[in-house]
Amino acid sequence: MNNIVQSLWISEQMPQLQRLCLESFLKNNTEYYLYTYCEVKGLPDGVVLMDANAIIPKEFIFVDRFNSYATFADWFRVKLLYTIGGWWVDADVVCLKEFVSTEDYVFATEISNNNPVICNCVMKSPKNSPVLNAVLHTVEQNLSGRNYKTISWREIGALALVDGIMDFSLLKYVVSPEVFCPIDYKNYQYIAGNKKIIVPTETYGVHLWNQMWVWNNMDPSVIIDSASFLKRFVVEDS
Numbered sequence: 031m032n033n034i035v036q037s038l039w040i041s042e043q044m045p046q047l048q049r050l051c052l053e054s055f056l057k058n059n060t061e062y063y064l065y066t067y068c069e070v071k072g073l074p075d076g077v078v079l080m081d082a083n084a085i086i087p088k089e090f091i092f093v094d095r096f097n098s099y100a101t102f103a104d105w106f107r108v109k110l111l112y113t114i115g116g117w118w119v120d121a122d123v124v125c126l127k128e129f130v131s132t133e134d135y136v137f138a139t140e141i142s143n144n145n146p147v148i149c150n151c152v153m154k155s156p157k158n159s160p161v162l163n164a165v166l167h168t169v170e171q172n173l174s175g176r177n178y179k180t181i182s183w184r185e186i187g188a189l190a191l192v193d194g195i196m197d198f199s200l201l202k203y204v205v206s207p208e209v210f211c212p213i214d215y216k217n218y219q220y221i222a223g224n225k226k227i228i229v230p231t232e233t234y235g236v237h238l239w240n241q242m243w244v245w246n247n248m249d250p251s252v253i254i255d256s257a258s259f260l261k262r263f264v265v266e267d268s
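The numbering used here runs 30 ahead of the 1-based position in the sequence shown.
Quick look at the structure:
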C-alpha cells in the first residue's frame, strides 16, 4: 500500500487547508482513502471515500477536553492500521513527494523543546502488527469506563505509541523530524508568514499544525503571505 494513504474526517465540510493537503497527495501519484461517517462537501475529485463505521462504529465517537475529535482520531488510526495496514496521515499533512518506503514500519517525529519526539501524524504499519495490537489494547483499556474529558493530550496517541515502539524494539523505524515535521509546532505561523522556509531534501511531507491554528483562532488562508511556505508549496501547486 505504498501508493495509498489513509485518513479520517468527522465533519460535513472539508476546509480549504485540508482540501489542499488531500490534493497534494493526489498530485504526487498517491491514492487518498478518506474514512468518514457522513457525506463530506468540498472534497477534491479523486479522493476515495471509505466507511469509518467499518473500523469504529459511529456511536463510539467522542470529543475530548479540548472539544476536539483529535483524541478519538488517535484511537481510530491505531485500529485502522491494525485492521487494514498501510500508511496513516493526518488530514493537515501536505505531500511534497510520494511516500515510498520498503520498511514495514515508519514512525514520524516532531521537534519539542529542541528535541525530536515521536508523534503519530504519519505512520506506516503492516496489518495485524503485534506492536499496534499492544498499543490498541492499551488505548482501549484507558478508554474503558473513562470520562473522556479527563484524557490528557497525547495520552492515548503518541505516548501510547512510544511505549509500544520501545517495548517491541522498533526505534530503527523512527525517522527524523525533517521527513514529516520540518516546521516546529511552536513556529506554526511560519507556514503562512513571510519567513523564508528552506525545506530539507529529505522532507516527504509537512505537518501544517491545524490544531494550533484552531486553538489560536486563526485561519492560515486569511493571513497567508505571498512568500510563505503555504503559498509556494501548497496553493500555487494546487
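Every residue gets a Cβ at the ideal spot worked out from N, C-alpha and C, and that includes glycine. All figures in this text were calculated on a predicted structure; none of them were measured in a lab.
Would you kindly work out how many angstroms separate the C-alpha atoms of residue 249 and residue 243, rounded to a whole number?
-> Using only the alpha carbons, I get a separation of about 6 Å.
Excluding the five sequence neighbours on either side, which residues of its own chain have a C-beta within less than 6 Å of the C-beta of residue 146, listed in chain order?
-> Only 139 and 207 meet the Cβ criterion.
Does the region 94 to 112 come close enough to the region 38 to 56 to have 3 or more Cβ pairs within less than 8 Å?
-> A contact exists between the region 94 to 112 and the region 38 to 56.
Identity of the residue in 144, 151, 142 and 102 nearest residue 125 by Cα | Of the candidates 144, 151, 142 and 102, the one whose C-alpha sits nearest the C-alpha of residue 125 is 151.
Please state whether DSSP places residue 217 in a helix, a strand or coil.
-> Three-state DSSP puts residue 217 in a helix.
Can residue 102 and residue 91 be called in contact, C-beta distance under 8 Å?
-> Yes, the pair counts as a contact, with Cβ atoms nearer than the cut-off.
Hey, how far is the Cα of residue 334 from the Cα of residue 175?
-> Residue 334 lies beyond the residue range present for the chain, which begins at 31 and ends at 268; the question has no answer from this structure.
Would residue 240 be called buried (16 or more neighbouring beta carbons within 10 Å of its own) or exposed?
-> Residue 240 should be labelled buried.
Inter-residue spacing [alpha-carbon to alpha-carbon] between residue 214 and residue 142 | Just so you know, the alpha carbons of residue 214 and residue 142 end up roughly 7 Å apart.
Look at the Cβ atom of residue 4, then the Cβ atom of residue 231, and state whether they are nearer than 8 Å.
-> Residue 4 cannot be examined here, being either before or after the span of the chain that is shown, 31 to 268.
Decide yes or no for the touch test of the region 71 to 82 against the region 52 to 61: beta carbon pairs closer than 8 Å, at least 3 of them.
-> Yes, the region 71 to 82 touches the region 52 to 61.
Segment limits, beta strand (DSSP E) that includes residue 81 = Judged by DSSP secondary structure, residue 81 falls within the beta strand (DSSP E) whose first and last residues are 78 to 81.
Paired residues, beta bridge with residue 145 - DSSP = Answer by DSSP bridge pairing, in chain order: 142.
What do you reckon, are the CB atoms on residue 123 and residue 223 nearer than 8 Å?
-> No, the pair does not count as a contact, with Cβ atoms beyond the cut-off.
Apart from the five residues on each side of it in sequence, which residues of its chain come closer than 6 Å, Cβ to Cβ, to residue 134?
-> Apart from sequence neighbours up to five positions away, the residues of its chain that approach residue 134 with a beta-carbon distance below 6 Å are 156, ordered along the chain.
Pick helix, strand or coil for residue 127, following the three-state DSSP scheme.
-> Annotated three-state conformation of residue 127 is coil, per DSSP.
Outcome for residue 170 when other beta-carbon atoms lying within 10 angstroms are tallied against a minimum of 16 | Flag for residue 170 reads exposed.
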